[in-house]
Amino acid sequence: MFRWTALCLVLCAGAFALVAMATGAFNPAKPPSGELAAAPGTVASAYDDSIQPPPANGLGRGGALVIQDARLTAYERQEVPSQRDGAMLVVGTDDPDATGEVLDAIPVPFLARLIDDPKDPTAPPEDQWYLLSKAEGFDFAEAFSKARVKPEDWAAYRARPSTRFFVRWHKGDPLLPKKVEVAFERKVFHKLNEGDWVKKDQLVALVDPTVQVNDVSSKVFKLETAESEWLAATKTKLEAIRRAQASELLHAKGAGFISEDTYQADLLNRDRYIEEEKGKDAARKVANQDLAAALTILKQHHIRSSISGNIKVIYKHPGESVKNLDPIMQIQNPEKLRVEGLADWQDAQTIAKGMIVIIEPTRPKGPVAILSGHQQEVTCVAVSRAGKDGKKLILSGSEDGDVRFWDWTANEPLVAHLDHRTGVLAVACTGPKAARNLALTGDRDGVGRLIDLDRLLPAPTAAIGATARQVQATPLKLSEQHRGPITCVAFSPDGALCATGGEDRSIRLWNTTDGKLVHRLVAAHKAAVTSVQFAQEKGKMLQLVSAGGDNTLHVWNLEKADAPTPTPVLPRRSGDVAQLGVSSDGKYVLFDHGSEIRVLSLADRQIEGVIQSSSAATNFTTMALFAPDGNSVLTNSASDGRLQLWRTPGQLAIDGQGRAAEIRQFVRVEGGTATCAAFDPDEKQPAFVVTGSRDNAVIVWPMPKTEEILAKPRETKLTLVERSLDNGSRQVRVWAEVENPDWKTTGLTPGGTATMVVPPMAPVVEAK
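Every number in this note's numbering is 244 more than the matching position in the sequence shown, counting from 1.
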């Protein structure tokens, strides 16, 4: 049995060898027909593990504790209550700086105080004086301020000796009988709305005070009555004292001058009227206090804010009834915020109250333009430099075979289109330093085309009109085709060379003048080439950086463009990010590694900084691109498709750690996942970034100003690190309070979120 088994194995092996020899499996591999084998030294070299770790300071790593999605709340807030029962008369303010809708003038009651002496040092300035005029049939006088009376009339009033002037009574002023009077002043209110800013002690609403006005008026009369009764009692007392003194003199002379009964009656009257005068004086004081209390209640109909802040919610509106302590509105002060985050228990052991914490706001931003017209997924986008007409064009390619040219600032943004008749997968434009304004496209048939953007269209005429039309300038086809789709394209900084990479794993260099092939790198990668980017540091040789589906990054030296030489391969990419950017100064390249995007120095392969995904379990995807000014990096998140704009780590180091702070989240309420992206090529301050999406749209997003990107992060101190553990989540609360006076520009707003970063503490060096 064993011999038969051995014989079968030998026969099978022999048959396999014959088949292999017949098919040439043992022969050396030959390049595909029409392709030249790469010259010695042009094929990618062996893998290299020489990527250098971050320096000692960590550059954004180094043990910093990062707490994502911390909530921002205004710890100074007020539910503004009604202090009296009644009906809402107005929800508005008489603040002259208010900008809301102007409401009809409303008569507002107040207590007026007579000025006996215009030179009274306690009297306010003359522009705060009032003239009171009581119309026939009305109980209360109307107050006319100086602003409501013509200057010549005011002067005439001043000349009349009988004219009386009043000022507004304020708490602390004396309440003197016949010196105070209830009056009305017509006030113009501005309507308050949710979101309006109000100041501390500002009037924000008015409850109808009609009933209380009558009560105050009654108390004014009672004060006058009590004063009159006290004055009468005082006179009676003085007369009683005089008579008692006279009776005492007569009584002292002996019997017969005054009867005992009369004498005792006069003494009794004296004591009686003394006590009566004291009672009237007390009654006068009570009337004064009753008036003061009534004025306090009247004042409570005026609802004021006790803090400065924004109106978040308005609960009551004019005409609605309110009861004492019913909330009228909620005000919160965005200038004083609490940042509340959750830290894992083990991480919380490394931090303590009083430690420095950096607060980085989450700033979602919507698009400024959505360009529609493609019939299938948008696969590639690019932005041209300013053409002869001063305009920058957005170019977009799609699986529908169309390349579209957009001026997104125009009323009719579609300028022209070019039909490739097959899916377009790659597009690029020359940069600001190039001699010519060109575009390069690559399609599924492996054909590349050069387009002169300055000759894109003929001069407009009345016959042609302003509508979008077919490209008039004939594109220049590259002299050869890839053996499969072109997946990525790029121009050199001077625009003299362009590069294409494809699914055939090759990279080709072309002369942009005539479209002729300069060099072909066969099997540049072991899988499809997904990204090509030129890099040239000032004063150094031109390089080409390529990324492939084999999860490697290659750098090719182009000292001689027709004979590129490779540097050691950078391996161990995650491969999730197909398009990897190179900084415009040619010094750095982005490298995807799991949930990180690393900034690598091309010169020494040093990790200069790290961008960490907001979730350690989530990788970046699709693209990671430098902005032309080098200050920011655009990434795409695999978890929810969010586009994130980060401050470039490492180079700025404005927080002492070189952290990659998230400065924008580009978010569409509804829309497909982003497939590609390109920046406005302005190297000083790019104004926008454009993306393509799976739902056939081209989206334009606004870029933040350079000052915002480079602004120093907001620092504060931890005010709470809980030591009690939530058994459910095994997390503890971590708080910090931050002063936020420039809240309109910082992005720190109540209800939003922020990232809390607690830098590692410096090691303690013990004294010897």
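Every residue gets a Cβ at the ideal spot worked out from N, C-alpha and C, and that includes glycine.
Exposure label - residue i; buried when at least 16 CB within 10 Å
| i | result |
| --- | --- |
| ASP440 | buried |
| ASN655 | exposed |
| ALA630 | exposed |
| SER973 | exposed |
| ALA847 | exposed |
| GLY479 | In the sequence under discussion, the amino acid at residue 479 is Lys, which differs from the Gly named in the question. So LYS479 counts as exposed. |
| VAL411 | buried |
| LYS580 | buried |
| THR774 | buried |
| GLY830 | buried |
| PRO369 | exposed |
| GLY853 | buried |
| GLY783 | exposed |
| VAL733 | buried |
| GLN856 | buried |
| PRO421 | buried |
Minimum C-alpha distance to residue i - residue among the options
| i | options | result |
| --- | --- | --- |
| PRO759 | THR811, VAL776, GLY793 and ARG693 | In the sequence on display, residue 759 carries Gly and not Pro. Considering only alpha carbons, the answer is ARG693. |
| GLY1017 | SER642, LYS988, GLY739 and ASP696 | No answer is possible for residue 1017: it lies beyond the span of the chain, which begins at 245 and ends at 1012. |
| ALA805 | PRO812, PHE778 and VAL821 | PHE778 |
| THR407 | PRO421, LEU358, LEU436 and ASP371 | LEU358 |
| ALA587 | ALA308, LYS463 and THR731 | ALA308 |
| HIS561 | GLN620, ILE841, ARG958 and GLY336 | GLY336 |
| ASP663 | PRO657, LYS677, ILE695 and TRP652 | ILE695 |
| THR674 | THR653, PRO985 and ALA743 | ALA743 |
| VAL612 | GLU504, THR935 and THR731 | THR935 |
| GLU840 | ALA904, LYS782 and ASP794 | ALA904 |
| THR343 | LEU436, PHE649, SER377 and ALA400 | LEU436 |
| VAL424 | CYS624, PHE384, PRO405 and LEU615 | PHE384 |
| THR339 | ILE907, ARG548 and HIS495 | Note on residue identity: the sequence assigns Asp, not Thr, to residue 339. Of the candidates ILE907, ARG548 and HIS495, the one whose C-alpha sits nearest the C-alpha of ASP339 is ARG548. |
| ARG516 | LEU539, GLU483 and HIS495 | GLU483 |
| SER616 | GLY915, ASP698, LEU992 and ASN984 | GLY915 |
| ALA683 | PHE735, PRO812 and LEU420 | PHE735 |
| LYS529 | LEU493, VAL464 and ILE558 | VAL464 |
| VAL455 | LYS522, ASN513, ARG328 and ASP348 | ARG328 |
| ALA449 | SER565, ALA367 and PRO719 | SER565 |
| THR796 | PHE835, LEU786 and GLU803 | PHE835 |
| VAL601 | THR989, LYS988, LEU964 and SER968 | LEU964 |
| GLY819 | ILE751, ASP794, LEU741 and ALA592 | ASP794 |
| GLY1047 | GLN780, GLN823 and TRP800 | A question about residue 1047 goes unanswered here, because the residues of the chain that appear run from 245 up to 1012. |
| PRO676 | VAL432, HIS837 and LYS636 | LYS636 |
Sequence-distant residues of the same chain with beta carbon closer than 7 angstroms to residue i, five excluded per side
| i | result |
| --- | --- |
| ASN880 | PHE864, THR865, THR866, MET867, LEU887 and ALA918 |
| GLY563 | ALA331 and MET332 |
| PRO453 | PRO353, LEU542 and HIS545 |
| GLY996 | LEU316, PRO605 and THR606 |
| TRP652 | ALA613, LEU615, ILE638 and VAL944 |
| ALA998 | ALA314, LEU316, VAL583, ILE603, GLU604, PRO605, THR606 and LEU992 |
| GLN780 | PRO737, LEU786, GLN787 and GLY830 |
| THR990 | PRO605, ARG958 and ASN984 |
| ARG977 | GLU584, LEU586, LEU964 and GLU966 |
Cutoff 6 angstroms; reference residue i; Cβ partners in own chain excluding five residues on either side
| i | result |
| --- | --- |
| LYS209 | The requested residue 209 is not part of the displayed model; the chain covers only 245 to 1012. |
| PRO351 | PHE428 and ARG430 |
| PRO930 | ALA871, PRO872, PHE923, ASP924 and MET947 |
| ARG487 | ASP510 |
| LEU969 | TRP589 |
Own chain residues within Cβ distance below 8 angstroms of residue i, not counting five before or after
| i | result |
| --- | --- |
| PRO729 | GLY667, LEU669, GLY686, ASP687, ARG688, ASP689, GLY690, GLY746 and GLU747 |
| ALA318 | GLY553, GLN576, ASN577, PRO578, LYS580, LEU581, ARG582 and PRO994 |
| VAL393 | LEU375 and TYR401 |
| ALA356 | TYR374, LEU376, ALA385, ALA387, PHE410, VAL411, ARG412, TRP413, VAL424, GLU425, VAL426 and ALA427 |
Contact test: residue i Cβ vs the ligand SAM heavy atom, cutoff 8 angstroms
| i | result |
| --- | --- |
| ILE603 | With respect to small molecules bound, the structure shown includes none, and the ligand SAM cannot be examined in it. |
Answer yes if the segment 503–511 comes into contact with the segment 398–418, meaning at least three C-beta pairs across the two stretches below 8 angstroms, and no otherwise. no
Would you call the segment 884–893 in contact with the segment 591–600, where contact means no fewer than 3 C-beta pairs closer than 8 angstroms? no
Quick check: the segment 566–574 against the segment 946–963, are there 3 or more CB pairs under 8 angstroms? no
Assess, as a yes-or-no matter, whether the segment 802–816 is touched by the segment 752–770 under the definition of 3 or more beta carbon pairs within less than 8 angstroms. yes
Between the segment 366–377 and the segment 465–474, can you find at least three pairs of beta-carbon atoms closer than 8 angstroms? no
So, does the segment 575–589 touch the segment 309–317, judging by three or more C-beta pairs under 8 angstroms? yes
Identify every run of the beta strand (DSSP E) within the segment 756–799, keeping only runs that are complete inside it and at least 3 residues long; order them along the chain. 761–765, 773–779 and 787–792
Taking the runs of the alpha helix (DSSP H) that are 4 residues or longer, which of them lie wholly in the segment 483–569? 504–543
Whole beta strand (DSSP E) runs in the segment 927–960 with 3 or more residues, listed along the chain? 932–937 and 942–946
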